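In the numbering used here, the protein residues as written are 2 to 255.
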């Protein structure tokens, strides 16, 4: 098959983190994949059990127990093609979690933001800005100056024990985002699904990114606006999310 076809703007994809040979939150990733495929109008003739088996086989053949697996599906004419592969990844180090990371704003909107579709134009612009400005990530801003999400992450803003994030309808609702919202509910913190305006950034106590690779990663700067990283509510969330991961892995390694 042509790799270029599987990485075209017409492809749907999903990235799953593998830890100690276990595909993390696989059921949630598969549900999101099915949703994205339906939005795109593809046909996915694969059950969760088969999806899991393909990843297990990939892990076994490559002898890689920790990394990111990318699944891509595309329709070429009347033929559906798909692939599983390990992809390069960059996990934050301990200093990033302690000191936070720098991000900036990119005025760009995704087509079909709720579906995980490859969109090379936005990706290329984001990559260029990240490289040029030595950033960890860029946050996408729509025509109404609302901050929607990161180019490959979701973003939350913090004010006291209130956590703000753009609503589901405006973003690619990541699996980590979903799990973080579950953690926030368990901690009895307030969740506001509302996009933050660029003019409101300085009114918040802090911000953090969520995603397959970063997990829950504090932000120390958005453009010229700096944040204190040591936030007790974010630290409680990070601890709760890490416990959720540990529990999931333990249950599947028994």
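Glycine is no exception: its CB is placed at the ideal position from the N, C-alpha and C atoms. In this text the structure is predicted, and so the values were computed from the model without any measurement.
Using only CA atoms, which one of the options lies nearest to residue i?
| i | options | result |
| --- | --- | --- |
| residue 213 | 74, 246, 84 and 102 | 246 |
| residue 1 | 156, 185, 216 and 182 | Nothing in the structure corresponds to residue 1, since the chain is present only between 2 and 255. |
| residue 253 | 17, 24, 154 and 14 | 24 |
| residue 231 | 111, 165 and 101 | 101 |
| residue 92 | 228, 154 and 198 | 154 |
| residue 13 | 233, 31 and 149 | 31 |
| residue 211 | 158, 162 and 244 | 158 |
| residue 168 | 160, 228 and 178 | 178 |
| residue 136 | 225, 95 and 163 | 225 |
| residue 112 | 71, 41 and 248 | 41 |
| residue 63 | 95, 22, 90 and 38 | 22 |
| residue 18 | 71, 45 and 11 | 71 |
| residue 94 | 216, 45, 61 and 133 | 216 |
Give the DSSP bridge partners of residue i, in chain order.
| i | result |
| --- | --- |
| residue 52 | According to DSSP, which records beta bridges pairwise, residue 52 is partnered with nothing at all. |
| residue 226 | 223 |
| residue 138 | 104 |
| residue 82 | 75 |
| residue 151 | 140 |
| residue 88 | 69 |
| residue 43 | Beta-bridge pairing links residue 43 to no other residue. |
| residue 211 | 155 and 217 |
| residue 31 | Beta-bridge pairing links residue 31 to no other residue. |
Check whether the Cβ atoms of residue i and residue j sit closer than 7 Å, and answer yes or no.
| i | j | result |
| --- | --- | --- |
| residue 205 | residue 220 | no |
| residue 69 | residue 16 | yes |
| residue 198 | residue 144 | no |
| residue 171 | residue 149 | yes |
| residue 141 | residue 109 | yes |
| residue 228 | residue 162 | no |
In chain order, what residues of the same chain lie with their CB nearer than 7 Å to the CB of residue i, ignoring the 5 residues before and after it?
| i | result |
| --- | --- |
| residue 271 | No information on residue 271 is available, as it lies outside the stretch 2 to 255 that the chain covers here. |
| residue 127 | 107, 139 and 152 |
| residue 49 | 28 and 31 |
| residue 241 | 184, 187 and 188 |
| residue 43 | 13, 74, 76 and 81 |
| residue 180 | 26, 242 and 245 |
| residue 1 | Nothing can be reported for residue 1: it is not among the residues displayed for the chain, which extend from 2 to 255. |
| residue 4 | Because residue 4 sits at a pLDDT of 44, beneath the cut-off of 50, its placement in the model cannot be relied upon, and the following sentence gives the value as read from the coordinates. Contacts found: none. |
| residue 90 | 68, 69 and 214 |
| residue 165 | 157, 158, 193, 195 and 197 |
In chain order, what residues of the same chain lie with their CB nearer than 6 Å to the CB of residue i, ignoring the 5 residues before and after it?
| i | result |
| --- | --- |
| residue 57 | none |
| residue 223 | 104 and 202 |
| residue 55 | 85 |
Say the cut is 6 Å; is the CB of residue i nearer than that to a heavy atom of the ligand FAD?
| i | result |
| --- | --- |
| residue 151 | With respect to the ligand FAD, the structure shown offers nothing to examine, as it has no ligands at all. |
Whose C-beta lies closer than 8 Å to the C-beta of residue i among residues of the same chain, with five residues either side of it excluded?
| i | result |
| --- | --- |
| residue 98 | 218, 219 and 239 |
Are the region 69 to 84 and the region 183 to 199 touching, with three or more C-beta to C-beta distances below 8 Å? Three or more Cβ pairs closer than 8 Å define a contact, and the region 69 to 84 falls short of that threshold against the region 183 to 199.
If you pair each beta-carbon of the region 83 to 101 with each one of the region 122 to 130, do three or more pairs fall below 8 Å? no
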